[in-house]
Amino acid sequence: MANHQNKFNCFIIGEGTLPIQCAEILINQGHVIYGIISADASIINWAEGKNIPYIKPTDHLGEFLSQQPFDYLFSIVNRYVLPQEILELPRQFAINYHDAPLPRYAGVNVTSWALMNQEKTHGVTWHIMAAMVDAGDILKQVIIDIADDETALTLNGKCYESAINAFAQLVDELSSGTFVATKVNLNERTYFSRFKRLRAGGIISWKRCAYELDALIRALDFGFYPNPLGRPKLAIDSNLFIVSKLEVQGNLSNYPPGTITNIEPTYIKVSTASYDIALRQVLAINGQALSISYLVEKFGLQVGYQFCDLEPNQVKQIEKFDQSIVKHEAFWVERLGTLESITIPEAKQTASLHLKEPQYASARMFVPDEVITLWSQRHPQWHRSDFLAAAFITYLARIGGSGCFDIGFKDIELQRQLVGLESLFASVVPYRVNIDYEQSFAALKKQFEFTQLPLTYVRDVVTRYPSLRSLSDRGSEQFFPVVVERVETLEDYQGPLGSDLTFIISSDGKKCCWFYNTDVLDDDSIARMQEQFTVFLQGILTEPDQCIAYLPLLSEQQRREILLEWNDTQVDDPQDKCIHQLFESQVERTPDAVAVVFENQQLTYSQLNCQANQLAHYLRSHGVGADVLVGICVERSLEMVVGLLGILKAGGAYVPIDPEYPQERLTFMLEDAQVSVLLSQQKLVEKLQTHQENIVCLDTAWQLISQLSPENLISEVQGHNLAYVIYTSGSTGVPKGVAMNQLALCNLLLWQRQNVTISSGAKTLQFAPISFDVSFQEIFSTWCSGGTLLLIGEQLRREPLAVLGLLQEQAVERLFLPFVGLQQLAEVAIERELVISNLRQIITAGEQLQITPAISQWLSQLTDCTLHNHYGPSESHVVTSFTLTNSVETWPLLPPIGRPIANTQLYILDGNLQPVPVGVPGELHIGGVGLARGYLNRPELTQEKFIANPFSTYPNSRLYKTGDLARYLPDGNIEYLGRSDNQVKIRGFRIELGEIETVLSQYPHVQASCVIVREDIPGNKRLVAYIVPQKEQRATVSELRSFLTQKLPEYMGPQAFVILDSLPLTPNGKVDRRALPIPDLHAELTDQYVAPRTPTEEILSLIWAQVLKLEQVGIHDNFFTFGGHSLLATQLVSRIRTSFKVEL
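In terms of my numbering, the sequence shown is residues 5 to 1148.
Written out as structure tokens, the structure reads:
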């Protein structure tokens, strides 16, 4: 038995999981680990969990180890060579683990070399570290048998197990003093350098015997672990393929080596120097699986065909070049693993592009000789072709919106060296660009030292490292949307290599050509880009000291068109009118027309005006006037619209409070707004406990209010005064109030009355909650046009079939809906074969409109109905409109948002507030009279988002930074492209993902969280929360749901939760949202599944599964847990009613 009383202390340096296993042995036996030296994230996480100090190997190693005396330094899977002064620090000695039977097979990758040498045994060794690598005295050695089918993966696994067992024994011997150090016989030493590589780059020589080839394949099979050596390759003509599986056959070869002796659907039999072998599995050089039949058909392979062997001079050429680049492989692996792709703004993005053979076109570009000559004279240190390449790349940085990206680079010198080797080594390499927009172009000279790149890499590298597997999965070895290639003359260009755009430059820098994939870029796009590039080149010459950020991309005529002509929207603005006055004018025109209908109640314009006046007089008597905030928290009813109008008539601004909001959110909004009066209803008073003193219940107090004057009030309210404050989601974790003025809203109403006319008395459905800004447009645009507003109850508005029935019954002509609402109505209408013949206008806003098959089919049946797509954030309400015309079949899948409405200016700008050209994305900025005053009680945020307008000569003119990405189409319409931040729109609701994450971080058992929107099923957006729980106490999904319900509205609650050990990170340390896994609802359903027991339960289960788009749903499964939300719930209720013929 070992004497465990002699405990020691130590440090561990290494990578992978083996150091953790060994450290656990040390801890379990009572030994002390003073520190860990590793760059491996898994080891660092383990050390943090054990409260063990750690550093990276490059961080002052000597200082870290010298803090206190220690006994041993264990080097376990450590790739760093430690200097002698480090080895001398332990009081005892430094001990290294080596995965071979020393003194044979010292060095690196030795398990593979042992297999290639067809060794029958291998081993592992723990030895004292000496100045010579792997040459110190042996402390423990274990010999391992090698099986006939052993691979590098399985042999490494055996070594791993043996290493752990041997280490446990060694620790016992060290602690008891019974270890034995055995001198090594250096005469038997064999050494394999880290940079030793395969013969002929791994290309198979058929002159070798079958078992050598079999050993080669197995030796290079590392499974899912990194393979630093290479892959075995089959040469067919000038093409190379990876051989991943072969079998030695039982018959001796009777044909010359390399001869095909048989072809079957699943293998090709080939002769060797001994036995035939069967090629079973072949991959493309980038790792894409290929069928045997593909090879046979592509190359016309047949029995008798002979694969050629390389000539000795070819082998020598390959190995010489391979050795010249092998030391740089780590550089290329890191570079390829952190590729920053650039997006060509004009490129079409559709999945179908990858399903067909690309077609290419070219467009030569004339670069005036004086441009190049003048630059060369001013900057003789720049080669002419370098200048043109650098200018093009810098132009890409401007239009792509990012200064850091990779392009593909193909240079003349590398092509010369690769003659005859193109199939083995990459001819296009990534060139990292990191441009500082604040520098001048001339200052970028060092950025474009094209000759300073390490030459290239072996093309199979993407198949050998797990970090590069995503490149392999792309199905093409071409990873770069854009390639810059230098050639002697343009006629020397050999054709495309899979990129979307290749910029070809002659070596003298006088000529260039754009070679492009016509499925991605069309002729007009290239023409625009060439025009922009020409303007950019001229800017470099005329403004040599100008920052890159401000070099022009637009000609003067283009700039005038974008900034002035497309923004020429000025009409007489309604400076002298307020919202209630527009309404009162309509009352004078149509006093007896019906203004509003709710269930079996209705009010004429005159009646509504009188009731609103009475309420306004009451509010005036309670101090309500200009810019005084009045809360309104009521259910959908006539009282709701009377309340809104009465507040405006009193001169105040209404603050809508949704009674369905959680108590905490209600309290925050009321406290933040500090409303002077809160209009409500008696049944809601209990929810408003914190503001009892200023609540006015419109139902119970109306008898008193109705005694007041019904006459119009004299109003001193002007355009700059507030009309409402509506709260939206806030990224800091609390909602923010958008304070909207009268002028902005009157401008919208007058524009809509003039441009989107409805017939007098036409009915408009009031669908949106009043806490949603589109409700203002629904209500007041109807009243300013003499229409009838049709209110529906909260329950009814959630049921598409009932809404359709109401539209038909009431002959509704106009409908405002978010995209998801429109989609649901269309689905139900098609299913029930309902055509709403009176419908004349559908106005959609709130989120991006998609012309889905259901919407297309339904709208094609509504022959007299027009679809309008509106856009506008809460900070400005509607600012653009696009009307879809012609036949539905011609409508784009994602319609543009249109052009600015009256007295509104839109600017698409880059990060430096420079206007971008047509087709180039930028952030949409809004100017004109339609802007809100700002955010209530948030002056810093107001100043950040509402900035001075650099394009206006009017004093105090402002722009609102929307955070929305957009681009101009050639006809001046604007295409919406999404968000530049974490704000999203779901079912018409604006949601800041940061607010949900902030609330989640307040839960005590959550260590980290990330919330994203997923659309794994087309058309079904849902919020998914990814949670990293505290190690001590894990949060359950039900607890998290319950917690969020108390803090956030229903529409902000995630539909799915995923518990992770850690959030995936990008190479620069940010959360990699693209790597977050798809929620595994199937597993959760399977674990909890209880099958239906009755016919009724079977029908209900089927309905649930259809609505949620799941395979099955058990009787105890929660609708909202598996992706349900309020709008899907309406579908559920509708289908249950239909199936069971019951009312719910």
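Ideal Cβ positions, reconstructed from N, Cα and C, are used throughout, including at glycine.
inquiry  = Using only CA atoms, which one of Asn160, Val807, Asn571 lies nearest to Gly931?
reply    = Asn571
key: Straight-line gap, Asp1091 to Glu1102 (C-alpha atoms, nearest Å)   = Since pLDDT at Asp1091 reaches only 48, below the 50 mark, its modelled position is unreliable, and the value read off the structure follows with that caveat. C-alpha separation (whole angstroms): 19 Å.
| said: Considering only the alpha carbon of each residue, which of Gly405, Asn716, Asp676, Ala104 lies closest to Asn941? | reply: Asp676
### Task
Would you identify the three-state DSSP class for Ser257, choosing helix, strand or coil?
coil
| message | Could you pull the DSSP bridge partners for Gly412 from this structure? | response | Pro434, Val487
Are there 16 or more other CB atoms within 10 angstroms of the CB of Gly513, so buried, or fewer, so exposed? buried
Distance check for Ile132 and Asn100, CA to CA, integer angstroms please.
6 Å
Ends of the beta strand (DSSP E) at His131? 125-132
Quick check on Leu1089: buried or exposed, where buried means 16 or more other Cβ atoms within 10 Å of its Cβ?
Because the pLDDT at Leu1089 is just 45, under 50, the model does not fix this residue reliably, and the value given afterwards should be weighed accordingly. By the neighbour-count rule (16 or more Cβ atoms within 10 Å), Leu1089 is buried.
Let's test the definition: count the other Cβ atoms within 10 Å of the Cβ of Cys14 and tell me whether it reaches 16, buried, or not, exposed.
buried
Measuring CA to CA, which of Ala858, Glu89, Phe335, Gly291 is closest to Thr467? Gly291
- 7 Å CB neighbourhood of Val575 in its chain, flanking five on each side removed: Ala906, Asn907
So Glu1195 and Leu525 are in contact, right, with Cβ under 8 Å, and what is the actual spacing, rounded?
-> The requested residue 1195 does not occur in the structure, where the chain is confined to residues 5 to 1148.
### Span separating the alpha-carbon of Leu612 from that of Phe771
Between Leu612 and Phe771, the C-alpha separation is close to 20 Å.
Exercise. Sorted by chain position, which residues of the same chain lie with C-beta nearer than 8 Å to Pro470's C-beta, five sequence neighbours on each side aside?
Worked result: Phe228, Tyr229, Pro230
Discussion item. Along the chain, where does the alpha helix (DSSP H) containing Asn759 start, and where does it finish?
Written reply: 746-759
Original post:
Comparing alpha-carbon positions, which option in Asp152, Gly647, Val632 lies nearest Glu639?
Top reply: Gly647
**Asked** Hey, would you say Ala288 sits closer than 8 Å to Phe325, going by beta carbons?
**Response** no
For Val645, count neighbouring Cβ atoms within 10 angstroms of its own Cβ and tell me buried if that reaches 16, exposed if not. buried
**Prompt:** Quick one: is Lys124 buried, meaning 16 or more other Cβ sit within 10 Å of its Cβ, or exposed?
**Reply:** exposed
Let me check understanding here. Comparing Cα to Cα, which of Asp153, Ala170, Glu154 lies closest to Leu143? Ala170
Q. Can you tell me whether DSSP reads Ser680 as helix, strand or coil?
A. coil
Test: Glu835 CB closer than 8 Å to a CB of chain B: Chain labels in this structure do not include chain B; a single protein chain is all it has.
**Asked** Thr506: buried (16+ other C-beta within 10 angstroms of its C-beta) or exposed?
**Response** buried
Worksheet item: Buried or exposed: where does Ser356 fall if 16 or more other Cβ atoms within 10 Å of its Cβ makes it buried?
Response: Note that Ser356 has pLDDT 41, beneath the 50 cutoff, so the model's placement of it is unreliable and no number is given.
_Tell me which residues share the same chain as Ala51 and place their Cβ nearer than 6 Å to its Cβ, disregarding the 5 neighbours each side in the sequence._
Ile40, Tyr58
Below 8 Å, how does it come out for the stretch 385-394 and the stretch 446-458: are there three or more Cβ pairs, yes or no? yes
>> Under DSSP, the beta strand (DSSP E) around Gly18 begins and ends at which residues?
In response: Taken as a continuous stretch (DSSP letters only), the beta strand (DSSP E) holding Gly18 covers 13-18.
Item to complete: Name the residue from Ala743, Cys869, Arg802, Gly926 whose alpha carbon lies nearest to the alpha carbon of Gly938.
Response: Ala743
**Message:** Is the beta carbon of Gln781 closer than 8 Å to that of Leu794?
**Reply:** Contact flag unset, no.
| Which residues bound the beta strand (DSSP E) around Ala118? | Premise fails: Ala118 lies in the alpha helix (DSSP H), 114-120, not in any beta strand (DSSP E).
Check: Three or more C-beta pairs closer than 8 Å, one from the stretch 325-336 and one from the stretch 304-314: is that the case here?
Finding: no
Practice item. Can you have a look at Phe199 and say buried or exposed, based on whether 16 or more other CB atoms are within 10 angstroms of its CB? Key: exposed
Ignore the nearest five residues each way along the sequence and tell me which others in Ala1039's own chain have a CB closer than 7 Å to its CB. Tyr1007, His1009, Val1010, Ile1031, Pro1033
**Study point:** Whole-angstrom C-beta distance between Glu927 and Leu963, which should lie under 8 Å
**Key:** Actually they do not touch by this definition, with Cβ atoms about 10 Å apart.
Exercise for the section: Report the option in Ser891, Leu853, Gln861 whose CA atom is closest to the CA atom of Gly876. Expected result: Leu853
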